[in-house]
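Single-structure report; data block below.
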Amino acid sequence: MKKLLLAGILLFLLQLTFGQTKNFIDKPYLETSAYADSLVVPDLIYLDILIKESDSRNKISVEELEARMIAKLKSLGINTEKQLRLTDLGSNYKKYFLKQKDIMKSKAYELKVFDSQTAGRAIVALEEFGIANVELGKTEYSKKEELLLALRSEAIKKAKAQAESLLEPLGQNLVKAIFIADSYDEGWDSVDVNQIVVLGYSSTGKNTYTPPEIEFKPKKFVVAVNVKFEID
-19 MKKLLLAGIL LFLLQLTFGQ TKNFIDKPYL ETSAYADSLV VPDLIYLDIL
31 IKESDSRNKI SVEELEARMI AKLKSLGINT EKQLRLTDLG SNYKKYFLKQ
81 KDIMKSKAYE LKVFDSQTAG RAIVALEEFG IANVELGKTE YSKKEELLLA
131 LRSEAIKKAK AQAESLLEPL GQNLVKAIFI ADSYDEGWDS VDVNQIVVLG
181 YSSTGKNTYT PPEIEFKPKK FVVAVNVKFE ID
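Residue 135 in this note's numbering sits at position 155 of the sequence shown; the count goes up by one each step and never skips.
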């Protein structure tokens, strides 16, 4: 899979540069390609939370469930003013009509946390008082741009080293880079809350609560470069 991904990126770069080759085809040049990659753990985790009156046996109101949720999240050290936001469109709650007479309200939220441990604690805490509709919305890496810059630099250095090693036996030298193209790929493994393993917690052990831990697989960033060097 890794080889296919890299082959696809390099093929794209070659196609991208083909149309521009004519601009310097009259100069002697050497073309090299290289890549650099890195694994990182997400530090921005977004949980989608849906509160419904039907979640509770006694049909507790959405407003009461909301208040309990906010209080519980705050007790975990979560800044709900900054990390919790309502995601319903158009109004503060949605109404669902059941059996033509009953009205069931719901609210949808997005909770942002910064590590898997806090995410695990939030999931378990919400489940404990009846909010089980929690899904992993997305995960991100906050220093993505800095990482991409570092990977581009590393890939360029590799491309230059390759070019120099090819020219050394010929007694030729690099003059300068006359064209550089780059591309990157990233991808988190698809996962939802049901696929997250929560360690240190079970439904039969709630009386002896242990802070849970969940794990996310690292994300791989891959940067590929294609460089044309003028040679003498």
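Think of the CB as a built atom: it goes at the ideal place given N, C-alpha and C, for glycine as much as any other residue.
{"Item": "When A135, A130, L45 are compared against T12, the one with the closest alpha-carbon", "Value": "A135"}
{"Item": "Distance between F196 and E144 (C-alpha atoms, nearest Å)", "Value": "40 Å"}
{"Item": "Secondary structure of L56, DSSP reduced to three states", "Value": "coil"}
{"Item": "Helix, strand or coil at I25 according to DSSP, with G and I counted as helix", "Value": "strand"}
{"Item": "Which of helix, strand or coil DSSP assigns to T119", "Value": "strand"}
{"Item": "The stretch 144 to 160 in contact with the stretch 19 to 35 per 3-pair CB rule at 8 Å", "Value": "no"}
{"Item": "Residues that DSSP places opposite V202 in a beta bridge", "Value": "D17, D165"}
{"Item": "Beta-carbon proximity check, A105 vs L64, cutoff 8 Å", "Value": "no"}
{"Item": "Neighbour-count burial assignment, V139, 16 or more Cβ in a 10 Å radius", "Value": "First, the amino acid is wrong: residue 139 is Ala here, not Val. Classification for A139: buried."}
{"Item": "Separation of I58 from K200, as counted between CA atoms", "Value": "28 Å"}
{"Item": "Length-filtered (4 minimum) alpha helix (DSSP H) runs lying within the stretch 89 to 133", "Value": "96 to 108"}
{"Item": "Strand pairing of F209, partner residues [DSSP]", "Value": "L10, A157"}
{"Item": "Collapsed DSSP secondary structure at S86 in the structure displayed", "Value": "strand"}
{"Item": "DSSP-derived helix/strand/coil call for T32", "Value": "Strictly speaking, residue 32 in this sequence is Lys, with Thr absent from that position. K32: strand per DSSP, three-state reduction."}
{"Item": "Cβ separation of A16 and Q142, assumed to be a contact under 8 Å, to the nearest whole Å", "Value": "Rounded, the Cβ-Cβ distance is 13 Å, inconsistent with contact."}
{"Item": "Residue span of the beta strand (DSSP E) that contains L150, given as start and end", "Value": "Counting along the chain, L150 falls outside any beta strand (DSSP E), and DSSP gives it neither H nor E."}
{"Item": "Buried versus exposed call for E153 [16 or more other C-beta atoms within 10 Å across all chains shown]", "Value": "Position check: residue 153 holds Asn in this sequence, whereas Glu was assumed. By the neighbour-count rule (16 or more Cβ atoms within 10 Å), N153 is not buried but exposed."}
{"Item": "Selected residue, minimal CA-CA separation from E61, among V202, K39, Y89", "Value": "Y89"}
{"Item": "C-beta atoms of D23 and F109 nearer than 8 Å", "Value": "no"}
{"Item": "Proximity to P198 [Cα-Cα], best of V20, D6, P8", "Value": "V20"}
{"Item": "Alpha carbon of T67 to alpha carbon of M49, nearest angstrom", "Value": "15 Å"}
{"Item": "Alpha carbon of F209 to alpha carbon of Y164, nearest angstrom", "Value": "21 Å"}
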